[in-house]
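Q: For the sequence shown, the working numbering begins at 85 and goes up steadily by one.
Beta carbons are placed, not taken as given, at the ideal position from N, Cα and C, and that holds for glycine.
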Amino acid sequence: MQFRQQALAKLQSPEELDLPVRFARPQGWLALSVTVVVMAAASVWAVTGSVASTVGAPAILTHGQGSYILQSPVAGQVTAVLAKQGERLPA
85 MQFRQQALAK LQSPEELDLP VRFARPQGWL ALSVTVVVMA AASVWAVTGS
135 VASTVGAPAI LTHGQGSYIL QSPVAGQVTA VLAKQGERLP A
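1) Distance check for A164 and P174, CA to CA, integer angstroms please.
2) Per DSSP, what kind of secondary structure is Q169 in: helix, strand or coil?
3) What does the alpha-carbon distance come out to for the pair A108 and A126?
4) Put G160 into one of helix, strand or coil per three-state DSSP.
5) With a floor of 4 residues, list each alpha helix (DSSP H) that falls wholly inside the stretch 107–143, ordered by position along the chain.
6) When you compare each of G170, A143, M123 to P157 by their alpha carbons, which one comes out closest?
7) Could you have a look at Q86 and say whether DSSP puts it in helix, strand or coil?
8) Output the distance between the C-alpha atoms of G140 and R172, rounded to the nearest integer angstrom.
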């Protein structure tokens, strides 16, 4: 095998051994730090955050002439009933 003289010379006398190793450019460190901060914020929000939503639910309205059945287009679970018994609600 033949090697270039320049490559052989570099192997015999390594240069810049006293300089610190450079792992990444500053732009790389910036991108890495922004990614870490965003991931940490997303992780904290995933554990402690919540998403509030209000959904209409099926119900039965009654009055003197009979009853009506109301249905919601989406499924869900009733977590609170805000109307009191006997309270009049706007249509």
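A: To lay it out plainly:
1) Walking along the sequence shown from the start, residue 174 turns up at place 90. Walking along the sequence shown from the start, residue 164 turns up at place 80. Each residue's Cα considered, the two are about 19 angstroms apart.
2) Residue mapping note: residue 169 aligns to position 85 of the sequence shown, counting from 1. Of the three classes helix, strand and coil, the one that applies to Q169 here is coil, per DSSP.
3) On the sequence shown, position 24 is the one that residue 108 refers to. On the sequence shown, position 42 is the one that residue 126 refers to. One C-alpha to the other measures close to 25 angstroms.
4) Walking along the sequence shown from the start, residue 160 turns up at place 76. Coil at G160, not helix or strand.
5) 110–132
6) Here residue 157 refers to the residue found at position 73 when the sequence shown is read from its first residue. Nearest C-alpha to P157: A143.
7) Here residue 86 corresponds to residue number 2 of the sequence shown, with the count starting at 1. Coil.
8) For the purposes of this step, residue 140 is identified with residue 56 of the sequence shown, where counting begins at 1. For the purposes of this step, residue 172 is identified with residue 88 of the sequence shown, where counting begins at 1. Cα-Cα distance, rounded: 18 angstroms.
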